[in-house]
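Asks: So that we are looking at the same thing, I have put the structure below in structure tokens.
Residue numbers (our numbering): 700 to 925.
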């Protein structure tokens, strides 16, 4: 009888331990499937238009756009004086979105705190945009260039603009980030395991009419389209 109780205990424990692995497996499988089903399947790079970039650091995907192009100017939201060194104000802005706790507390992924990860998974309205200033960026192995039409570009900029949470004076709210060439801004949006930083990038591209996966919570789900 005692042996039966011990065996039953370990069986139950193994079953309990298997649930998180099952949930992770289902999530990863769903992420792969969602990112493999295309949106805007007829999209092709424009013959003439505006060059943008999609970049990944292996965990996070950002979108790089000119500060000013096709009559769209972001300098009302992204200002030189927001930087500790205004001389680093870029020709382009690399823009990502994410959970504020993770962004603020984790310059590298080694700094990520369990509490911030738990809050991100559970969901949070405390979100930020992270903007790096770049000077005439070029394509490389982790930064892909694509040319979009002027209407697509304007729609893409509209989506980015709508992600800034403005104060009562219609101004963006900057916060110090990791160095002199990058800055945080208060953002709209609800972060969760469904609406991740990478899904934000995928949605901005999808809404502009650019071909990408229908649900892109992982970085590879965005980058494989380019």
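Heads up, the beta-carbon is just placed ideally off N, CA and C, and yes, glycines get one too.
Keeping to the same chain, check which residues put their C-beta closer than 7 Å to that of residue 879; ignore five residues upstream and five downstream.
Replies: Here residue 879 corresponds to residue number 180 of the chain shown, with the count starting at 1. Result list for residue 879: 782, 783, 784 and 787, in chain order.
Asks: Of the choices 831, 750, 869 and 870, whose alpha-carbon is the least far from that of residue 795?
Replies: In the chain shown, counting from the first residue as 1, residue 795 sits at position 96. Out of 831, 750, 869 and 870, 831 has the C-alpha closest to the C-alpha of residue 795.
Asks: For residue 915, name the three-state secondary structure that DSSP assigns.
Replies: Your numbering for residue 915 matches position 216 in the chain shown. If DSSP states are grouped into helix, strand and coil, residue 915 belongs with coil.
Asks: Can you list, in chain order, the residues of its chain whose CB lies under 8 Å from that of residue 789, leaving out five sequence neighbours each side?
Replies: Within the chain shown, residue 789 is the residue found at index 90, counting from 1. Same-chain partners within the cutoff: 766, 831, 832, 833, 834 and 880.
Asks: Looking only at its own chain, which residues have a Cβ that is under 7 Å from the Cβ of residue 844, when we skip the five neighbours before and after it?
Replies: Working through the chain shown from its first residue, we reach residue 844 at position 145. Here the set comprises 750, 752 and 838.
Asks: At which residue ranges does the stretch 858-920 contain complete alpha helix (DSSP H) runs of 4 or more residues, listed in the order of the chain?
Replies: The stretch 858-920 contains these whole alpha helix (DSSP H) runs: 896-906.
Asks: Per the DSSP calculation, residue 843 is bridged to which residue(s)?
Replies: Residue mapping note: residue 843 aligns to position 144 of the chain shown, counting from 1. Residue 843 pairs with 753.
Asks: Looking at residue 862 and residue 822, is the spacing between their C-beta atoms short of 8 Å?
Replies: One-based indexing of the chain shown puts residue 822 at position 123. One-based indexing of the chain shown puts residue 862 at position 163. Going by C-beta atoms, residue 822 is not nearer than 8 Å to residue 862.
Asks: Put residue 773 into one of helix, strand or coil per three-state DSSP.
Replies: The residue labelled residue 773 in the question sits at position 74 within the chain shown. In this structure, residue 773 counts as coil in the three-state DSSP scheme.
Asks: Relative to the C-alpha of residue 897, which candidate in 915, 739, 729 and 840 has its C-alpha closest?
Replies: Your numbering for residue 897 matches position 198 in the chain shown. The candidate whose alpha carbon is nearest that of residue 897 is 915.
Asks: Using the beta-carbon count (16 or more within 10 Å), is residue 850 buried or exposed?
Replies: In the chain shown, residue 850 corresponds to position 151, counting from 1. Exposed is the call here.
Asks: When DSSP labels each residue in this structure, what does residue 856 get in the three-state scheme?
Replies: Here residue 856 refers to the residue found at position 157 of the chain shown. Helix.
Asks: From residue 772 to residue 778, what distance separates their C-alpha atoms?
Replies: For this step, residue 772 is matched to residue 73 along the chain shown. For this step, residue 778 is matched to residue 79 along the chain shown. Answer to the nearest angstrom: the Cα atoms are 11 Å apart.
Asks: Using a Cβ-Cβ cutoff of less than 8 Å, which residues in the same chain neighbour residue 858 once the five nearest sequence positions on both sides are dropped?
Replies: What you label residue 858 is simply residue 159 of the chain shown in a count that begins at 1. Within the same chain, 902, 903, 906 and 907 come within 8 Å of residue 858 by CB-CB distance, once the 5 residues on both sides are set aside.
Asks: Considering only C-alpha positions, which residue in the set 756, 827, 891 and 842 is nearest to residue 874?
Replies: Residue mapping note: residue 874 aligns to position 175 of the chain shown, counting from 1. The option with the nearest alpha carbon to residue 874 is 827.
Asks: Between residue 791 and residue 836, which are expected to be in contact by the criterion C-beta below 8 Å, what is the C-beta distance as a whole number of angstroms?
Replies: Looking up residue 791 in the chain shown gives position 92. Looking up residue 836 in the chain shown gives position 137. Correct: roughly 5 Å between the Cβ atoms.
Asks: Taking the continuous alpha helix (DSSP H) assigned at residue 789, which residues delimit it?
Replies: Taking the first residue of the chain shown as position 1, residue 789 is located at position 90. From DSSP, residue 789 is part of no alpha helix (DSSP H); its letter is neither H nor E.
Asks: Using a Cβ-Cβ cut-off of 6 Å (strictly less than) and excluding sequence neighbours within five positions of residue 852, which residues of its own chain qualify?
Replies: Along the chain shown, one-based indexing puts residue 852 at 153. Only 749 and 769 meet the Cβ criterion.
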